[in-house]
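>
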Amino acid sequence: MVQLDGACHCGTITLHVQLASPAGSYTPRACDCDFCSKHGASYVSDPQGSVRITVAESGRLNRYRQGSQTAEFLLCAHCGVLLGVQYQESGLLYLSINSRVLDNNPPFPPPQSASPKLLSPQEKTQRWKALWFRDCTLQLPEHDTGSQTENTA
Ligand SMILES: [Zn+2]
Numbered sequence: 056m057v058q059l060d061g062a063c064h065c066g067t068i069t070l071h072v073q074l075a076s077p078a079g080s081y082t083p084r085a086c087d088c089d090f091c092s093k094h095g096a097s098y099v100s101d102p103q104g105s106v107r108i109t110v111a112e113s114g115r116l117n118r119y120r121q122g123s124q125t126a127e128f129l130l131c132a133h134c135g136v137l138l139g140v141q142y143q144e145s146g147l148l149y150l151s152i153n154s155r156v157l158d159n160n161p162p163f164p165p166p167q168s169a170s171p172k173l174l175s176p177q178e179k180t181q182r183w184k185a186l187w188f189r190d191c192t193l194q195l196p197e198h199d200t201g202s203q204t205e206n207t208a
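In terms of our numbering, the sequence shown opens at residue 56 and continues consecutively.
(1) Under 7 Å: does the beta carbon of valine 136 sit that close to some heavy atom of ligand 1?
(2) If you draw a straight line from the alpha carbon of serine 154 to that of alanine 96, how long is it in whole angstroms?
(3) Rounded to whole angstroms, what's the CA-CA distance from leucine 148 to isoleucine 68? Just pull it up for me.
(4) When you measure from the CB of isoleucine 68 to every non-hydrogen atom of ligand 1, does any distance come out below 7 Å?
(5) Taking the alpha helix (DSSP H) that alanine 185 falls in, what are its first and last residues?
(6) Using the DSSP secondary-structure output, state which residues sit across from glycine 114 in a beta bridge.
(7) Taking only runs of the alpha helix (DSSP H) that begin and end inside the segment 76 to 112, which ones reach a length of at least 4 residues, in chain order?
(8) 8 Å is my cut-off, CB to CB: does glycine 104 come that close to chain B?
(9) Starting from the Cα of proline 164, find the closest Cα among Gly135, Pro77, Glu197, Tyr119 and give me that residue.
(10) Does the Cβ of aspartate 87 have 16 or more other Cβ atoms within 10 Å, making it buried, or fewer, making it exposed?
(11) For alanine 185, which residues in the same chain have their Cβ closer than 8 Å to its Cβ, ignoring the five residues on either side in sequence?
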């Protein structure tokens with residue numbers, strides 16, 4: 056397991072990621088939708104790995120939907136950094152993270168362009184369920200109870 060940490064710019068939201076393989080064996084995906092292009096996002100996920108996102112302050116996690124409205128982008132409400140994207144189905148959480156927020160510039164290969172907007176809604180969600188993290192924890196502050204989401208793999 057490869058352990059990687061990351062955070063938004065102001066440090067309110069932190070990420071702990073475990074990858075099953077070395078960073079060099081992944082292919083980051085640069086989604087070509089308007090939203091991800093504007094952020095320069097480069098997504099990495101691993102269905103054999105895990106991700107834990109911790110939000111240190113109440114109200115600091117922004118969720119944003121666009122395009123087909125199926126997935127929710129996770130942004131810091133304070134500094135605006137895009138941390139990743141989540142999809143929920145049947146009570147399960149799937150996550151893909153923006154590798155740009157990881158510390159120490161892990162040696163991922165250059166991102167390859169991806170065009171999820173060309174897929175049907177069903178193709179898209181099947182792809183996400185196959186490729187994204189399944190062992191996901193989104194830890195919100197205590198006063199944000201009700202919106203805490205956790206999967207146990
Ligand atoms: Zn921030």
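Glycine included, C-beta positions come from ideal geometry on N, C-alpha and C.
None of the values given here were measured: they were computed from a predicted structure.
Based on what the coordinates show:
(1) yes
(2) Put simply, the backbone Cα of serine 154 is about 8 Å away from that of alanine 96.
(3) 18 Å
(4) yes
(5) Per DSSP, the unbroken alpha helix (DSSP H) holding alanine 185 starts and ends at 176 to 186.
(6) None, per the DSSP bridge assignment.
(7) Correct list: 89 to 94.
(8) Looking for chain B here will not work: only one protein chain is present.
(9) Out of Gly135, Pro77, Glu197, Tyr119, Pro77 has the C-alpha closest to the C-alpha of proline 164.
(10) exposed
(11) Cβ within range, chain order: Pro102.
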